[in-house]
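Here the protein sequences come in this chain order: A and B. Using UniProt numbering, read the first sequence as starting at 1 and increasing by one per residue. Using UniProt numbering, read the second sequence as starting at 1 and increasing by one per residue. Here is the structure we will look at, set down as structure tokens.
Protein chains: 2
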Amino acid sequence: MDKKHFPYKFVDFLISVHQITDKITKDVKPEGLTPVQFKILEYVAANSPTTLSQLSDCLHMPLPNTSRELKKLEEKKLCKKESGVEDRRKQYICLSENGEALMQEIFKKVESKFLDRLKDDSQKDLEEIDNALKLLYTKVFYSNHTT
Amino acid sequence: MDKKHFPYKFVDFLISVHQITDKITKDVKPEGLTPVQFKILEYVAANSPTTLSQLSDCLHMPLPNTSRELKKLEEKKLCKKESGVEDRRKQYICLSENGEALMQEIFKKVESKFLDRLKDDSQKDLEEIDNALKLLYTKVFYSNHTT
DNA sequence: TTATTTTGTTATCATTTGATAATTAAGAGG
DNA sequence: CCTCTTAATTATCAAATGATAACAAAATAA
Chain A
1 MDKKHFPYKF VDFLISVHQI TDKITKDVKP EGLTPVQFKI LEYVAANSPT
51 TLSQLSDCLH MPLPNTSREL KKLEEKKLCK KESGVEDRRK QYICLSENGE
101 ALMQEIFKKV ESKFLDRLKD DSQKDLEEID NALKLLYTKV FYSNHTT
Chain B
1 MDKKHFPYKF VDFLISVHQI TDKITKDVKP EGLTPVQFKI LEYVAANSPT
51 TLSQLSDCLH MPLPNTSREL KKLEEKKLCK KESGVEDRRK QYICLSENGE
101 ALMQEIFKKV ESKFLDRLKD DSQKDLEEID NALKLLYTKV FYSNHTT
């Protein structure tokens, strides 16, 4: 297979995405949550239900710290923890009702800020963008839970 | 304009990109650099030359802290600082030779890890992906330096 | 049964990062 | 000249995060 390298660089793309996302999410982040706590909420929102170990693995933070931060999130009534039935060591983690509401509101704001950036684009442009998002999502930024 | 919302959600895309990128850059990050310091290097690599104020603005960190961390980066011989000629208050910041080399090596590794994910794709797929990256870059994740 | 592994908790300490005030130096404008 | 603003530095303290050890409880294997 002739794998000549891309004319376009992933790194450029990633840095750009990262910068814009940072800028947009900046004034959307709720008060009273530390960055790490927000990261956890984000992860749980996208991968619910999950376990402490999985959280710890995927967010690259030691289990004791994950446990500590999750405890705080429970105290803030944003997360729920529940022992598994088949394996009672495992703690299954979900967002609470409050947590769901919070994250949905935040996601909605982010979504609308991005759509604002596209307000001068034609319907055709929007469709192209939509297709590009889908394509990259399925072909590149898929997550293989096998590793 | 009929701005019906996208079938595909930006937030899903962003979270996915963020997770994959995190995973891929994790074992690429150099020893002896704190996360913030790496973030600074990344920014400088992409926006060189820049100033302390700009760094502070874009990375959402207070100027004194930016100054402190940059000083450490200078001590590690990864950044250079130079007073402006027209306005001698401004400090223009670039990567040093070492810094350039370090970041290029890291970017290269990230790049190749992404290409690894695509090793089973056809040439046609790769072209489509390349086009999608370009499209999103120019239409969505462009940075307007005007704000 | 006993030993071992997995999952998570609690406690503790070091490091990193955030936040703020005080200060210096240079430019802008009166 | 003097005042005001901007860019950056230094110092300091609080808060968040990282890292590690010791422990407990449930599953698994011997």
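Ideal placement from N, C-alpha and C gives every residue a C-beta, glycine not left out.
Item, Value
"B/L95 and B/L78 closer than 8 Å at C-beta", "yes"
"Element boundaries [beta strand (DSSP E), containing A/K80]", "C79 to S83"
"C-alpha gap between A/V28 and A/K109, whole angstroms", "7 Å"
"Opposing strand residues paired with A/Q91 [DSSP bridges]", "A/S83"
"Within chain A, partners of B/I20 - CB distance below 7 Å", "F141 and S143"
"Environment of A/Y43 [buried if 16+ CB atoms lie within 10 Å]", "buried"
"Cβ pair count under 8 Å reaching 3, the stretch 43–60 of chain B against the stretch 89–105 of chain B", "yes"
"Identity of the residue in A/F114, A/E127, A/D121 and A/L136 nearest B/F10 by Cα", "A/F114"
"Start-end ranges of the alpha helix (DSSP H) lying completely within the UniProt domain \"HTH marR-type\" (1–138) of chain A, minimum 4 residues", "10–26, 35–46, 52–58, 63–75 and 97–117"
"Buried or exposed (CB count within 10 angstroms, at least 16 for buried), B/A132", "buried"
"Touch test, the stretch 56–76 of chain A against the stretch 19–39 of chain A, Cβ-Cβ under 8 Å, three pairs minimum", "yes"
"Contacting residues, own chain, Cβ-Cβ under 8 Å from B/G32 (five flanking each side not counted)", "K76"
"Residues near A/T66 by beta carbon distance below 6 Å, same chain, minus five either side", "L52, L55 and S56"
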